[in-house]
């Protein structure tokens with residue numbers, strides 16, 4: 001399955017997380033998900049500004065390749081997997097699906113050397129909000145904990161307006177968008193080099 005996602009993200013503090021959770025998500029039960037990030041040993045996928053992961057959510061395992069198109073717009077390729085894929089050392093090409101293989105091979109990424117590089121666990125709150133989806137995440141990876149506010153919109157212009165209204169309302173300073181996978185990979189590289 002292929003879909004386009006329009007999203008806005010901002011890292012927030014623990015206190016901002018609690019404030020937003022206690023006002024906008026007071027009646028929402030969180031759910032838990034784990035992302036297993038996949039790449040080659042020399043991180044060819046990351047170097048091509050792509051992201052490949054398996055997301056475990058409620059006993060479902062979905063492989064997703066994210067390909068950025070323009071600011072805030074991402075094409076996503078999805079493939080349902082069996083849990084047994086997590087038991088392997090390497091991810092087989094047969095697990096990827098034709099669309100994902102094609103995107104990776106177009107960028108000369110060796111699809112025979114893919115392996116899980118690590119995992120990121122998230123406690124997630126979601127709710128519909130002004131014609132979009134408002135998401136509040138607490139994520140843990142390599143001993144780090146961070147907090148993120150996200151808004152998924154139907155179009156870039158409306159999404160930007162709504163997201164900025166939320167940030168202004170909670171007096172949150174707009175920061176450079178660094179997606180979860182990149183935060184994970186920065187910490188992974190730091191650990192490998194350290």
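Residue numbers (UniProt numbering): 1 to 194.
Every residue gets a Cβ at the ideal spot worked out from N, C-alpha and C, and that includes glycine.
Source: prediction; values computed, not measured.
Pairwise C-alpha distance: residue j and residue i
i, j, result
"residue 127", "residue 154", "15 angstroms"
"residue 102", "residue 73", "20 angstroms"
"residue 43", "residue 180", "16 angstroms"
"residue 105", "residue 92", "14 angstroms"
"residue 17", "residue 168", "14 angstroms"
"residue 185", "residue 26", "32 angstroms"
"residue 108", "residue 121", "30 angstroms"
"residue 94", "residue 82", "12 angstroms"
"residue 69", "residue 6", "10 angstroms"
"residue 159", "residue 177", "15 angstroms"
"residue 171", "residue 138", "19 angstroms"
"residue 54", "residue 190", "22 angstroms"
"residue 59", "residue 174", "35 angstroms"
"residue 140", "residue 36", "12 angstroms"
"residue 166", "residue 52", "30 angstroms"
"residue 46", "residue 11", "20 angstroms"
"residue 133", "residue 97", "28 angstroms"
"residue 156", "residue 84", "38 angstroms"
"residue 193", "residue 49", "20 angstroms"
Close Cβ partners of residue i (< 6 angstroms) along its chain, the five nearest in sequence each way excluded
i, result
"residue 77", "2, 65, 99, 100"
"residue 145", "none"
"residue 4", "75"
"residue 135", "126, 150"
"residue 130", "162"
"residue 56", "34"
"residue 88", "none"
"residue 28", "125, 127"
Chain-order list of residues whose beta-carbon lies under 7 angstroms from that of residue i (same chain, five-residue window excluded)
i, result
"residue 14", "147"
"residue 163", "8, 151"
"residue 183", "146"
"residue 23", "none"
The ligand GDP heavy atom lying under 8 angstroms from the CB of residue i
i, result
"residue 80", "Annotation note on the ligand GDP: not contained in the displayed structure, which lists no ligands."
Min CB distance residue i to chain B below 9 angstroms
i, result
"residue 19", "Of the protein chains in this structure there is only one, and it is not chain B."
Nonlocal neighbours in the same chain, by C-beta distance under 8 angstroms from residue i, ignoring five residues either side
i, result
"residue 30", "123, 124, 125"
"residue 80", "60, 61, 62, 63"
"residue 187", "141, 142, 144"
"residue 67", "50, 74, 75, 76, 77, 103"
Helix, strand or coil at residue i [DSSP, three-state]
i, result
"residue 143", "coil"
Any contact between the stretch 36 to 50 and the stretch 108 to 117? By contact I mean 3 or more CB pairs, one from each, below 8 angstroms. Counting Cβ pairs under 8 angstroms, three or more are found: they touch.
Which complete alpha helix (DSSP H) runs does the stretch 83 to 126 hold, if anything under 4 residues is left out? Within the stretch 83 to 126, the complete alpha helix (DSSP H) segments at least 4 residues long are 98 to 106, listed from N- to C-terminus.
At what residue ranges does the stretch 4 to 78 contain a whole run of the beta strand (DSSP E), taking only runs of 3 or more? Fully enclosed beta strand (DSSP E) runs of 3 or longer: 31 to 39, 51 to 57, 60 to 70.
Can you list, in chain order, the stretches of the beta strand (DSSP E) that have 3 or more residues and sit fully within the stretch 160 to 188? Segments of the beta strand (DSSP E) lying fully in the stretch 160 to 188: there are none.
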